[in-house]
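Engineer:
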Amino acid sequence: MSDGSGIFTKGTPFRKVAHECDVCVVGGGMAGVCAALAAARHGARTILVQDRPMLGGNSSSEIGVHICGADQVGQYPHMRETGILEELRLANIFRNPQAELSVWDLVLFDVCLRQENLRLLLNCSVLHAENADEAITSVTGWQLSTQTWHTVAAAIYIDCSGDAILAPLSNAEFRMGREARAEFDESMAPEQADERTMGLAHMYYTRTYEQPVPFVPYDWARVIETCDELPWDAPNHKDLRHSPWWCELGGENHSIHDSEEIRNELLKLNLGLWDHIKNRRCEHREAAVNRAISQICFVPGRRESRRYVGLHLLTQNDIAGGGKFPDVVAYGGWPLDDHHPAGVDSFRKHGQPPNRHELVPIPYGIPYRSLVSKNVRNLMFAGRNASCTHIAMSSTRVMGTCAVMGQEAGTAAEEAVRRGCLPLELVDDIAVVQQQLLRDDVYLPGVRQKIAGFVAAATITVPRGDPEALRDGINRQVGDNPHAIVMRPGESVEYRFTAPTELRAVSLTFDTAMERSIAFRAPGWQFPLPAELPKAFTLEVEHGGVWQSILAESDNWQRHRVVPCVGEVDAVRYTLDETYGAQESRLYGFIPEEKAVRGEGCEAGSGVLSPRASWHGRPARALEGGRLLPPWVVRR
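With positions in the sequence shown counted from 1, the corresponding number in this note's numbering is that position plus 2.
1) Just how far apart, CA to CA, sit Ser-163 and Gly-58?
2) Grouping DSSP H, G and I as helix and E and B as strand, with all else coil, what is Glu-656?
3) Note down the Cα distance separating Gly-323 from Leu-446, rounded to an integer number of angstroms.
4) The beta strand (DSSP E) spanning Thr-153 covers which residue range?
5) Between the C-alpha atoms of Ala-538 and Tyr-582, what's the straight-line distance to the nearest angstrom?
6) Would you mind giving the Cβ-Cβ distance between Val-51 and Cys-126, rounded to the nearest angstrom? I have them listed as a contact below 8 Å.
7) Gly-81 by DSSP, collapsed to three states: which one?
8) In its own chain, which residues sit with a C-beta less than 6 Å from the C-beta of Glu-22, not counting the 5 before and 5 after it?
9) Using a 10 Å radius around the Cβ and a threshold of 16 neighbouring Cβ atoms, would you call Gln-213 buried or exposed?
10) Return the residue from the list Gly-85, Ala-38 and Ala-157 that minimises the CA-CA distance to Glu-118.
11) Cβ atoms of Met-32 and Ile-69: under 8 Å apart, would you say?
12) May I ask which residues mark the beginning and end of the alpha helix (DSSP H) holding Asp-107?
13) May I ask which residues mark the beginning and end of the alpha helix (DSSP H) holding Thr-461?
14) Arg-473 and Ile-593 look like a contact to me (Cβ under 8 Å); what is the Cβ gap, rounded to whole Å?
15) May I have the straight-line CA-CA distance separating Leu-168 from Leu-338, to the nearest angstrom?
16) Just to confirm, are Ala-405 and Ile-95 a CB contact at a threshold of 8 Å?
17) Short of 8 Å in beta carbon distance, which residues of its chain neighbour Glu-175, apart from the five on each side in sequence? Order them along the chain.
18) Would you kindly report the start and end of the unbroken beta strand (DSSP E) that includes Asn-133?
19) If we ignore side chains and look at the alpha-carbon of each, how far apart do Val-400 and Pro-532 end up?
20) Is the beta carbon of Val-128 less than 8 Å from the beta carbon of Val-109?
21) Return the residue from the list Gly-252, Ala-460, Gln-451 and Gln-560 that minimises the CA-CA distance to Leu-90.
22) Count the other CB atoms, across all protein chains shown, that sit within 10 Å of the CB of Val-28; report buried if there are 16 or more and exposed otherwise.
23) What residue range does the alpha helix (DSSP H) around Cys-404 cover?
24) Report the three-state DSSP secondary structure of Phe-327 (helix, strand or coil).
25) To the nearest angstrom, report how far apart Asn-477 and Trp-549 are at their CA atoms.
26) Rounded to a whole number of angstroms, what is the C-alpha to C-alpha distance between Lys-18 and Thr-153?
27) Using 8 Å as the threshold, is the segment 215–226 in touch with the segment 256–271, meaning 3 or more CB pairs across them?
28) Residues in its own chain within less than 7 Å of Arg-177 by CB, not counting five upstream and five downstream?
29) Determine the direct distance from the alpha carbon of Gly-325 to that of Pro-530, and round the result to whole angstroms.
30) Quick check on DSSP: helix, strand or coil for Lys-12?
31) So for Trp-559, helix, strand or coil by DSSP?
32) Counting only runs that start and end within the segment 341–390, where is the beta strand (DSSP E) found for 3 or more residues in a row?
33) Nearest to Glu-2 by alpha carbon, out of Val-444, Trp-247, Ala-471 and Gly-143?
34) Find out if the Cβ-Cβ distance for the pair His-342, His-352 is shorter than 8 Å.
35) Alpha carbon to alpha carbon, how far is Gly-253 from Arg-243? Give it in angstroms, no decimals.
See below:
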């Protein structure tokens, strides 16, 4: 307490700050970032609570794992995730050509900082939740940097923490460990259930210098004399740019409670590996003479811990069957990649390899019901803590898949708040969310974007190819069908409507070389912006025989652009002016909109709809059917 002189005495309580919002996202990894951006962009007042000083989760500079997804780092053409994740990847290429991990942190921070309706609470660990009527009413976190308690009351909570932190705080049903084979008839599951998980991984990165660089061993590190002491001998650690994926331990411990001890053991392992490469009988020793560790990512990346139980528990057999769910809202394609709990020591201790995997249908669908809590009414989740068995999660856990789950969760949460309904009430009307995701450039296997009648009736003029590809509701190549037309600089595409039409926006979906990888892999390992991507283009409208330019873009770096177009028009024309070097560029989508989608307008430079002004309070909800509903359930 203060005596009025400005002097504080002992016993002064820590500051407490209360917040109210529509959607609270807990966890700022790729799932959480995409969830928060999606909710905020569609108008929900959103708070993102992240326990680290930077965003990105396992992809951030303090962990340093690159983002994998359904395309398996370019091995499967046209399977790369789009939507917000593609936007962020392209932003990283544009702003971070030098491929520095810490600049990737900045790219994510910049996008979130500039987003209307989104507030960040970084360095804030959620430690408590208030619950009532089978719902979470608030969460409270400790912000270490400001020594402040923050309490957030929200309509809907989305747990993207990876560790399902809200599960023990809200009594939400969850699992941890491996299910028995018989429970879901999963061929890859162990005979007996246990509490073991996949392990944690620790990354280091190296650089090449102009002169030899010695490495002085740490006396507490592991000693690895020969290559045959490591998994798969010499060939599997010949990439000297970073530590191998199998530098993994901790699955035989508790992956959360024992993480400090596991971190120490991983440091011993990695430093012992580099000592082996630099100083001992390693076949790659000569190649490493001028190399040195340039970055130790001190926080291990956790592959698995708690997993929620949702309205549907995704299984190995669901994935093997292609995940053909009516409520599909995301997709995966990474193999069923189950890592042995013993990690790098699995051969030595158990005579088994560090991982085993089975290929899956690419893509397979993930249902909305796997992102909604079974027993907490206003709780959703996305990422590796989604509702999956251990074996199914061995595929869905990769960050590309987590990101698209996050975008869906944020989009659905905003829809539920806007309607004043519970997340589970969207299950029977999920088509609305699916169509919004498609408009936001998310791909959903087996689901087409619905095209308005006035667009379907309009005449399209294209330089070559099938004009229907621009309005067939699919914005990527599927099988042998490109779902695109090919354009060259200087060429145009034109819609002419059957009657004057009042447009509000035009969406364009460009060529970002979906047939190959653009993934950020490691420091200094960055792809350029795709040569096929339009750098400069012009969008014009015609009314009464007069053409007017509404956007002359000279520095585009995004795949999906939504351009405002206010007023009555007879025709709209897109002209490709310049690419980033290619002679041809595919145009996947060119869709005029009669009205703004979900928002009240859009921003020409961002590639996304601007959120509506919605930072407002909500009145309490009275009794309905004799039951007191939480105050956030406000039907309109």
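Cβ coordinates follow ideal geometry from the N, Cα and C atoms, glycine included.
Structural biologist: Considering the structure as presented:
1) One-based indexing of the sequence shown puts residue 163 at position 161. One-based indexing of the sequence shown puts residue 58 at position 56. Taking the straight line joining both Cα atoms gives about 11 Å.
2) It is not possible to answer for residue 656, since the shown part of the chain is limited to 3 through 638.
3) On the sequence shown, position 321 is the one that residue 323 refers to. On the sequence shown, position 444 is the one that residue 446 refers to. Each residue's alpha carbon lies about 16 Å from the other.
4) What you label residue 153 is simply residue 151 of the sequence shown in a count that begins at 1. That run of the beta strand (DSSP E) goes 150–161.
5) Walking along the sequence shown from the start, residue 538 turns up at place 536. Walking along the sequence shown from the start, residue 582 turns up at place 580. Computed Cα separation, rounded: 9 Å.
6) Against the sequence shown, residue 51 aligns to sequence position 49. Against the sequence shown, residue 126 aligns to sequence position 124. 5 Å between Cβ atoms; contact.
7) Reading the sequence shown from its first residue, position 79 is the one you call residue 81. According to the sequence shown, residue 81 is Met rather than Gly. Correct three-state label for Met-81: coil.
8) For this step, residue 22 is matched to residue 20 along the sequence shown. The answer, listed in chain order, is Ala-155.
9) Taking the first residue of the sequence shown as 1, we reach residue 213 at position 211. With fewer than 16 Cβ atoms within 10 Å of its Cβ, Gln-213 is classed as exposed.
10) As a first step, residue 118 is located in the sequence shown; it is residue number 116 there, counting from the start. Taking only the C-alpha atoms, the option nearest Glu-118 is Ala-38.
11) Within the sequence shown, the letter at position 67 stands for residue 69. Within the sequence shown, the letter at position 30 stands for residue 32. Their beta carbons are under 8 Å apart, which means Ile-69 touches Met-32 by this criterion.
12) Counting from 1 along the sequence shown, the entry for residue 107 is found at position 105. 103–116 is the extent of the alpha helix (DSSP H) around Asp-107.
13) The residue you call residue 461 lines up with position 459 of the sequence shown. First-last for Thr-461: 461–463, but that is the beta strand (DSSP E), not the alpha helix (DSSP H).
14) On the sequence shown, position 471 is the one that residue 473 refers to. On the sequence shown, position 591 is the one that residue 593 refers to. Rounded, the Cβ-Cβ distance is 6 Å, consistent with contact.
15) As a first step, residue 168 is located in the sequence shown; it is residue number 166 there, counting from the start. As a first step, residue 338 is located in the sequence shown; it is residue number 336 there, counting from the start. Cα to Cα, the separation comes out at about 27 Å.
16) The residue given as residue 405 occupies position 403 in the sequence shown. The residue given as residue 95 occupies position 93 in the sequence shown. No, Cβ-Cβ distance for Ala-405 and Ile-95 is not below 8 Å.
17) For the purposes of this step, residue 175 is identified with residue 173 of the sequence shown, where counting begins at 1. Cβ within range, chain order: Ala-169, Tyr-310, Val-311, Ser-375, Lys-376 and Asn-377.
18) Residue mapping note: residue 133 aligns to position 131 of the sequence shown, counting from 1. First-last of the beta strand (DSSP E) with Asn-133: 126–134.
19) As a first step, residue 400 is located in the sequence shown; it is residue number 398 there, counting from the start. As a first step, residue 532 is located in the sequence shown; it is residue number 530 there, counting from the start. The straight-line gap from Cα to Cα measures roughly 24 Å.
20) As a position in the sequence shown, residue 128 is number 126, starting the count at 1. As a position in the sequence shown, residue 109 is number 107, starting the count at 1. No, the Cβ-Cβ distance between Val-128 and Val-109 is not below 8 Å.
21) The sequence position of residue 90 within the sequence shown is 88, counting from 1. For the residues Gly-252, Ala-460, Gln-451 and Gln-560, the minimum Cα distance to Leu-90 belongs to Gln-560.
22) Numbered from 1 along the sequence shown, position 26 holds the residue referred to as residue 28. Result: buried.
23) Here residue 404 refers to the residue found at position 402 when the sequence shown is read from its first residue. Note, Cys-404: alpha helix (DSSP H), 401–421.
24) Residue 327 sits at position 325 when you count from the first residue of the sequence shown. Reduced to three states, the DSSP call for Phe-327 is coil.
25) In the sequence shown, the residue the question calls residue 477 occupies position 475. In the sequence shown, the residue the question calls residue 549 occupies position 547. For Asn-477 and Trp-549, the distance between alpha carbons rounds to 28 Å.
26) On the sequence shown, residue 18 is found 16 positions in, with the first residue counted as 1. On the sequence shown, residue 153 is found 151 positions in, with the first residue counted as 1. The alpha-carbon atoms of Lys-18 and Thr-153 are separated by roughly 8 Å.
27) yes
28) To locate residue 177, count along the sequence shown from 1; it is residue 175. Hits under 7 Å: Arg-309 and Val-311.
29) Here residue 530 refers to the residue found at position 528 when the sequence shown is read from its first residue. Here residue 325 refers to the residue found at position 323 when the sequence shown is read from its first residue. Their Cα atoms are separated by approximately 34 Å.
30) Reading the sequence shown from its first residue, position 10 is the one you call residue 12. Correct three-state label for Lys-12: coil.
31) Here residue 559 refers to the residue found at position 557 when the sequence shown is read from its first residue. Coil, per DSSP.
32) 357–360, 366–369 and 381–383
33) Because the chain in this structure spans residues 3 to 638, residue 2 falls outside the shown range and cannot be described.
34) Here residue 342 corresponds to residue number 340 of the sequence shown, with the count starting at 1. Here residue 352 corresponds to residue number 350 of the sequence shown, with the count starting at 1. The answer is yes: Cβ separation under 8 Å.
35) Here residue 243 refers to the residue found at position 241 of the sequence shown. Here residue 253 refers to the residue found at position 251 of the sequence shown. Each residue's alpha carbon lies about 26 Å from the other.
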